[in-house]
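Letter 210 of the sequence shown, counting from 1, is numbered 235 in our numbering, and no numbers are missing.
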Amino acid sequence: MKIERWEVYQTFFQLIILRYLIVWFSLVPVIAALVSQLPDPLPISLSGVQHEIELKLPFHWQLLWISSLFFVLALGVYKVYCPKFIHKYNNFSDYCSYKHHPRWLVWEAHGLLKIANKKQKKKLRDRLLTKKYLFQINQDTDSELCDEPIVEEKQTEITFKVDGKSYKFGMPITENDTANESEKDIFYEIFGRYSESRWWARLFIKILLCISLVLFLIVLGQHICSGGAFVWDWATGLFNS
Numbered sequence: 026m027k028i029e030r031w032e033v034y035q036t037f038f039q040l041i042i043l044r045y046l047i048v049w050f051s052l053v054p055v056i057a058a059l060v061s062q063l064p065d066p067l068p069i070s071l072s073g074v075q076h077e078i079e080l081k082l083p084f085h086w087q088l089l090w091i092s093s094l095f096f097v098l099a100l101g102v103y104k105v106y107c108p109k110f111i112h113k114y115n116n117f118s119d120y121c122s123y124k125h126h127p128r129w130l131v132w133e134a135h136g137l138l139k140i141a142n143k144k145q146k147k148k149l150r151d152r153l154l155t156k157k158y159l160f161q162i163n164q165d166t167d168s169e170l171c172d173e174p175i176v177e178e179k180q181t182e183i184t185f186k187v188d189g190k191s192y193k194f195g196m197p198i199t200e201n202d203t204a205n206e207s208e209k210d211i212f213y214e215i216f217g218r219y220s221e222s223r224w225w226a227r228l229f230i231k232i233l234l235c236i237s238l239v240l241f242l243i244v245l246g247q248h249i250c251s252g253g254a255f256v257w258d259w260a261t262g263l264f265n266s
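If you want it as structure tokens, here you go:
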């Protein structure tokens, strides 16, 4: 089963129409508490004539509330576990809007390597080596990752180890870098590793959203059937007349 990446969920949760599920989740308990205090059927007098109105919806509001509950739970998991990097920079344009110096990417890479698993570290290492943004160094480093980036005259650098080998990464790239293309390239390598992180949280979000969708579709079907019955009675009345 395909598990959506973090940026897909970020775009999804920003859809305005889905915010109505949160509103429904918040308001229904209050409305239900108020309605429960009214007599059912509710007597109403119009022009001296007494009428009784049944207080019920054309669908099970409880199902819609449970659907909204699962949606809110999915949103909560997203807020807690989606990497801050993805929250802050959903694309390179967002990153550029902060007007960071190219050196800042070294600090972002350092933050990634602190939490990355072995597979992510290997993939980042392989990609940066292939693109010649990363260099293997001969001297062995004492730790898996340096304590913090080192600021030099031309670059800010970090050293780290993968599979027992030591590497150095520095920014800005000082050779053959036309229009700072390396900055965009490296940004998306870091973005990609964050985006595919914490697969278990992304899977849990997908399960919660699928349950929410199924319940919502049941409610939608009830709503359509109820409305369709009224339309059928109206059309039948027209035909018989």
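Even glycine gets a Cβ: it sits at the ideal position worked out from N, Cα and C.
In summary, Phe-160 is exposed, with fewer than 16 beta-carbon neighbours lying within 10 Å of its beta-carbon over all protein chains present. Spatial neighbours of Leu-88 in its own chain (CB-CB distance under 7 Å, excluding positions within 5 residues in sequence) are listed in chain order as Leu-240, Ile-243, Val-244. Comparing alpha carbon positions, the residue from Tyr-219, Lys-109, Leu-100, Leu-94 closest to Phe-37 is Leu-100. The Cβ atoms of His-135 and Pro-197 do not sit closer than 8 Å to each other. With distances taken between CA atoms, Thr-184 lies nearest to Thr-166 out of Ser-93, Gln-39, Lys-27, Thr-166. For Tyr-213, the enclosing alpha helix (DSSP H) stretches over residues 206-220.
In the displayed model, Gly-189 falls within coil according to three-state DSSP, outside both helix and strand. A Cβ-Cβ contact shorter than 8 Å links Arg-218 with Lys-148. For Leu-154, the uninterrupted alpha helix (DSSP H) segment begins and ends at 143-155. If you compare the alpha carbons of Tyr-192, Val-176, Ser-237, Gln-39 with that of Arg-152, the shortest gap goes to Tyr-192.
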